[in-house]
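Chemist: Residue numbers (this note's numbering): 248 to 315. Glycine included, every Cβ here is placed at the ideal spot set by N, Cα and C.
Right, here's the structure in full:
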């Protein structure tokens, strides 16, 4: 684990009785460096495609429901 990763985890550790606690919402706040730029671009492209599909789907549903 990197020093930066350790610092992020230590920041969220709770507990004073010797029993260490870290909550799920704290784990969700930990930043993880993306793999490679091309992987991030690939995920972004897939996300855009999914958003476009959703928009098209909602338009088709609205059109279909308006004729009922």
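To the nearest angstrom, how far is it from the Cα of residue 307 to the Cα of residue 290?
Modeler: The straight-line gap from Cα to Cα measures roughly 26 angstroms.
Chemist: Between residue 249 and residue 270, what straight-line distance do the alpha-carbon atoms span, to the nearest angstrom?
Modeler: Using only the alpha carbons, I get a separation of about 21 angstroms.
Chemist: Please list the terminal residues of the continuous alpha helix (DSSP H) segment that includes residue 352.
Modeler: No information on residue 352 is available, as it lies outside the stretch 248 to 315 that the chain covers here.
Chemist: Looking at the secondary structure, which residues open and close the alpha helix (DSSP H) in which residue 301 lies?
Modeler: 284-313 is the extent of the alpha helix (DSSP H) around residue 301.
Chemist: Taking the C-alpha atoms as reference points, what is the distance between residue 272 and residue 314?
Modeler: The straight-line gap from Cα to Cα measures roughly 45 angstroms.
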